[in-house]
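This report concerns only the one structure given below.
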Amino acid sequence: MPKVDLFAAIRRDSHAGMSVRAMASKYQVSRRTVRAALQSAWPQPRKPMPPRTSKLDEFKPIVDQILRADLDAPRKQRHTVTRIYDRLIAEHYMREVSRSRSGGGVPCALRRS
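Okay, structure coming up:
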């Protein structure tokens, strides 16, 4: 049920004399949501989340340099994501990025070539 319809149903039940607790139980929402529906017919818009920067941003030039050097290497001698991650830890003291997230900094075009 869209939130506008939910708010309308809550307001309708409130005019019929239903308690806040009963409406919260009926619609499976919190009592705070019921009170918000009773205060305003329109739900508050969601707050926009601030954009987050990637923790890999400072290492992207290094990863690009490694991958560009790998373009000339034979296919079996190119760096894997795991090897790039290990090099970043050993040579550049990268600690705050897990290995599962380290593939995100590798451009797809360079990964496939």
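Every letter in the sequence shown is one number past the one before it in the working numbering, and letter 95, counting from 1, is 102. By construction, the Cβ of each residue, glycine as well, lies at the ideal position given by its N, Cα and C atoms. All of these numbers come straight from a predicted model, not from anything done at the bench.
8 Å CB neighbourhood of residue i in its chain, flanking five on each side removed
i, result
"residue 37", "31"
"residue 15", "48"
Helix, strand or coil at residue i according to DSSP, with G and I counted as helix
i, result
"residue 103", "coil"
"residue 23", "coil"
"residue 36", "coil"
"residue 85", "coil"
"residue 12", "helix"
"residue 79", "coil"
"residue 48", "coil"
Counted within 10 angstroms of its Cβ, other Cβ atoms place residue i as buried (16 or more) or exposed
i, result
"residue 79", "exposed"
"residue 44", "buried"
"residue 100", "exposed"
"residue 40", "buried"
"residue 77", "buried"
Neighbourhood of residue i by C-beta distance below 6 Å, restricted to the same chain and skipping five residues each side
i, result
"residue 98", "none"
"residue 20", "30"
"residue 85", "77"
Own chain partners of residue i with C-beta closer than 7 Å, once the 5 adjacent residues on each side are dropped
i, result
"residue 10", "50"
Residue i to residue j span [Cα, whole Å]
i, j, result
"residue 72", "residue 91", "11 Å"
"residue 59", "residue 18", "38 Å"
"residue 25", "residue 64", "54 Å"
"residue 53", "residue 82", "48 Å"
"residue 116", "residue 55", "Reliability of the predicted coordinates at residue 116 is poor, the pLDDT of 49 falling under 50, and the value obtained from them is presented with this limitation in mind. So the two alpha carbons sit approximately 32 Å from each other."
"residue 13", "residue 27", "14 Å"
Alpha helix (DSSP H) segments (min. 4 residues) lying fully within the stretch 51 to 77: 67 to 77
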